[in-house]
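J.: Before anything else, here's the structure in question.
There are 2 protein chains.
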Amino acid sequence: MLRSCAMRLRTLGATPARRPEATRRLFSSEEVVCKDYALPNPSWTKDLRLLFDQFMKKCEDGSWKRLPSYRQNPPQALQEFQTHFVDSKFKKEEQMSKAQQFTRSLEEGLGFEYAMFYNKAEKRIVCLFQGGLHLQGMPGFVHGGAIATIIDITAGMCAFSEGIVMTANLNIDYKKPIPLLSVVVVNSQLQKIEGRKLFVSCTIQSTDEKTLHTQATGKKLPLPICQYP
Amino acid sequence: MLRSCAMRLRTLGATPARRPEATRRLFSSEEVVCKDYALPNPSWTKDLRLLFDQFMKKCEDGSWKRLPSYRQNPPQALQEFQTHFVDSKFKKEEQMSKAQQFTRSLEEGLGFEYAMFYNKAEKRIVCLFQGGLHLQGMPGFVHGGAIATIIDITAGMCAFSEGIVMTANLNIDYKKPIPLLSVVVVNSQLQKIEGRKLFVSCTIQSTDEKTLHTQATGKKLPLPICQYP
Chain A
1 MLRSCAMRLR TLGATPARRP EATRRLFSSE EVVCKDYALP NPSWTKDLRL
51 LFDQFMKKCE DGSWKRLPSY RQNPPQALQE FQTHFVDSKF KKEEQMSKAQ
101 QFTRSLEEGL GFEYAMFYNK AEKRIVCLFQ GGLHLQGMPG FVHGGAIATI
151 IDITAGMCAF SEGIVMTANL NIDYKKPIPL LSVVVVNSQL QKIEGRKLFV
201 SCTIQSTDEK TLHTQATGKK LPLPICQYP
Chain B
1 MLRSCAMRLR TLGATPARRP EATRRLFSSE EVVCKDYALP NPSWTKDLRL
51 LFDQFMKKCE DGSWKRLPSY RQNPPQALQE FQTHFVDSKF KKEEQMSKAQ
101 QFTRSLEEGL GFEYAMFYNK AEKRIVCLFQ GGLHLQGMPG FVHGGAIATI
151 IDITAGMCAF SEGIVMTANL NIDYKKPIPL LSVVVVNSQL QKIEGRKLFV
201 SCTIQSTDEK TLHTQATGKK LPLPICQYP
């Protein structure tokens, strides 16, 4: 998620898009329309739309920013990244161009439906999440791996405010299962920085805050430490 | 993953299917062909096929068993499960019938390609895993959430040998990124049982065992403890 984070944070200053798609240059020889998936679509439940609208209101005074989200990374970002992480098994540019962000690879409404909001002063990210029918683990509930995924990207965005980071540790306590198609609030906070290590906390609660579904901690490391050998 | 586990373990005694599809009764009024996804398909790399064949050889003396894997749970299992976890937000049977197992919801080759093998005497599961192009996190590498997912299902199957369990904790150390389309070996071991708690360990290594990509521990609880309120 590293580069998509970079893209998101670069666009933090942008006003919320009124149309769901924005054109960005992805390849030097062609223009590719790149959809921002962190905007309402027909699969969003009333609960998710309501919360989204509430946070968009909070964005009006500049204290919160909505973070856009895309399926693919621009080739320039891939090249930059590969200077740090060179792996002989993945050098074919053709393959690379077909890769998609895990959290945006399922069809609209079936997978991860979410929108993130960032509060710079509080070093906090709130992610509004609705788990689609193809995220099933136990019958009727979101898979533990899908929960880990939404925690990883939310905590990752939170730590990213301090620079480019990677996840070194993720410790998750699963308290209560999350029903499919329900809306929950993922809240991540940068807790402390020790040397080059960043420590973040994360909770997943029901929208009324009465149910704690999951709590987690994460340790993040800046890129140079985690270089591929 | 609870019910799919149940299905898998019930079928442990079955001989490896020579054809990739087997018919199972899913609905009382109709027959539905349910595909076993834990068998080779054209997206599997040579490395994955080779390892799969090696483990199939090990199955011949009965010490190892291949575990099948499906996209959907039979309605009977859902009903059984709902007697434990009743949630008003997810009672519509029509919705439930459209839900799919998270790890099998992406198209062939693009998501989680894996096959699991179980050694009862050693209380151990080996999962051969190839991460497809739609599992991307950092450019060119498998997403940390996808890694957490494959660990969760492998450790879950390992603990399941002791009964129906749910994940209570997952603690993951990410050591080295896993390149997309590479094949890795996920190894999970039941470590100890304390009261009703089951403790499992899990590692992800390269096929030559020279690179430790990830290591994790998991705590599992039998179903009655984790009842939805």
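Chains as they are written, first to last, in the UniProt record's numbering: chain A, 1 to 229; chain B, 1 to 229.
Heads up, the beta-carbon is just placed ideally off N, CA and C, and yes, glycines get one too.
Have a look at ILE204/B, LYS57/B, LYS192/B and flag the residue whose alpha-carbon is nearest the alpha-carbon of GLY131/B.
T.: When only C-alpha atoms are compared, the closest one is ILE204/B.
J.: Given a limit of 9 Å on CB to CB distance, which residues of the stretch 150-172 of chain A reach chain B?
T.: ILE150, ILE151, ASP152, ILE153, GLY156, MET166, THR167, ALA168, ASN169, LEU170, ASN171, ILE172
J.: Would LYS192/A be called buried (16 or more neighbouring beta carbons within 10 Å of its own) or exposed?
T.: Counting Cβ neighbours within 10 Å, LYS192/A comes out exposed, since fewer than 16 surround it.
J.: Thinking LEU223/B and LYS197/B are a contact (beta carbons under 8 Å), I'd like their distance in whole angstroms, please.
T.: Rounded to the nearest angstrom, the Cβ distance from LEU223/B to LYS197/B is 13 Å, too far for a contact under 8 Å.
J.: How should GLY156/A be labelled, buried or exposed, when 16 other C-beta atoms within 10 angstroms of its C-beta is the threshold for buried?
T.: buried
J.: Determine whether the beta carbon atoms of THR45/A and VAL165/A lie at a separation below 8 Å.
T.: Contact: no.
J.: Mind checking ALA121/B: buried by the 16 CB within 10 Å criterion, or exposed?
T.: exposed
J.: On the DSSP bridge list, what partners appear for ILE125/B?
T.: TYR118/B, SER188/B
J.: My output table needs one value for GLU143/B: the three-state DSSP class, helix, strand or coil.
T.: Looking at the sequence shown, residue 143/B is not Glu but His. Annotated three-state conformation of HIS143/B is coil, per DSSP.
J.: Please report whether the beta-carbon of LYS197/A lies at a distance below 8 Å from any beta-carbon of chain E.
T.: Among the chains of the structure shown, chain E does not appear; the protein chains present are A and B.
J.: Have a look at the DSSP bridge pairing and note the partners of ARG66/B.
T.: PHE117/B
J.: How long is the line joining the alpha carbons of ALA115/A and ILE153/A, rounded to whole angstroms?
T.: 11 Å
J.: Does the structure place the stretch 169-186 of chain B close enough to the stretch 210-220 of chain B that three or more beta carbon pairs sit under 8 Å?
T.: yes
J.: For chain A, check one thing: does any of its Cβ atoms lie closer than 8 Å to the Cβ of GLU96/B?
T.: Reading off the sequence, residue 96/B comes out as Met, not Glu. So yes, MET96/B belongs to the interface.
J.: Which residues in chain B have a C-beta closer than 7 Å to the C-beta of GLN136/A? List them in chain order.
T.: ALA99, GLN100, GLN101, PHE102
J.: In whole angstroms, what is the alpha-carbon distance linking ALA146/B and CYS202/B?
T.: 15 Å
J.: According to DSSP, simplified to helix, strand and coil, what is THR211/A?
T.: coil
J.: At a Cβ threshold of 8 Å, is HIS143/A touching chain B?
T.: yes
J.: So THR103/B and PHE112/B are supposed to be a Cβ contact under 8 Å. How far apart are they, rounded?
T.: With 8 Å as the limit, THR103/B and PHE112/B qualify as a contact, their Cβ atoms being about 4 Å apart.
J.: Taking Cβ positions only, does ALA146/B come closer than 8 Å to chain A?
T.: For ALA146/B, the answer is yes, since a Cβ of chain A falls inside 8 Å of its Cβ.
J.: Measuring only between beta-carbons, confirm whether SER105/B sits less than 8 Å from chain A.
T.: yes
J.: Going straight from the alpha carbon of GLU60/A to that of ARG49/A, what length do you get?
T.: 17 Å
J.: Near THR211/B, what residues of its chain come up, given a Cβ to Cβ distance below 7 Å and the 5 sequence neighbours on each side ignored?
T.: Once the five neighbours on either side are set aside, the close Cβ partners of THR211/B are LYS176, GLN205.
J.: Between TYR70/B and chain A, is any beta-carbon pair separated by less than 8 Å?
T.: Under the 8 Å criterion on CB atoms, TYR70/B is classed as non-interfacial with respect to chain A.
J.: Using the beta-carbon of each residue, which ones in chain B are nearer than 9 Å to LEU50/A?
T.: Those do not exist, as LEU50/A stays about 15 Å from chain B at its closest Cβ, beyond 9 Å.
J.: Cβ closer than 8 Å: which chain B residues qualify as neighbours of TYR37/A?
T.: Residues of chain B passing the Cβ test: none, with the nearest at roughly 14 Å.
J.: Going by beta-carbon coordinates alone, are MET96/A and GLY109/B separated by less than 8 Å?
T.: no
J.: Would you decide whether residue 248/A is buried or exposed? Buried here means 16 or more other CB atoms lie within 10 Å of its CB.
T.: This structure does not reach residue 248/A, given that chain A is present from 1 up to 229, and the question cannot be answered.
J.: So the alpha helix (DSSP H) MET138/B belongs to, where does it begin and stop?
T.: From DSSP, MET138/B is part of no alpha helix (DSSP H); its letter is neither H nor E.
J.: So if DSSP puts PHE199/B in a beta bridge, which residue, or which two residues, is it bridged to?
T.: Beta-bridge pairing links PHE199/B to LYS192/B, LYS219/B.
J.: Between the C-alpha atoms of ASN187/A and MET56/B, what's the straight-line distance to the nearest angstrom?
T.: 45 Å
J.: Since LEU50/B is in the beta strand (DSSP E), which residue starts that stretch and which ends it?
T.: Segment 46-59 is the alpha helix (DSSP H) holding LEU50/B; no beta strand (DSSP E) there.
J.: Taking only beta-carbon positions, decide if LEU181/B is within less than 8 Å of chain A.
T.: yes
J.: Who does THR167/A pair with in a DSSP beta bridge?
T.: LYS220/A, per the DSSP bridge assignment.
J.: Where PRO40/A and LEU106/B are concerned, what is the direct C-alpha to C-alpha distance, given to the nearest angstrom?
T.: 23 Å
J.: When you compare the CB of LEU133/B with every CB in chain A, is at least one pair closer than 8 Å?
T.: yes
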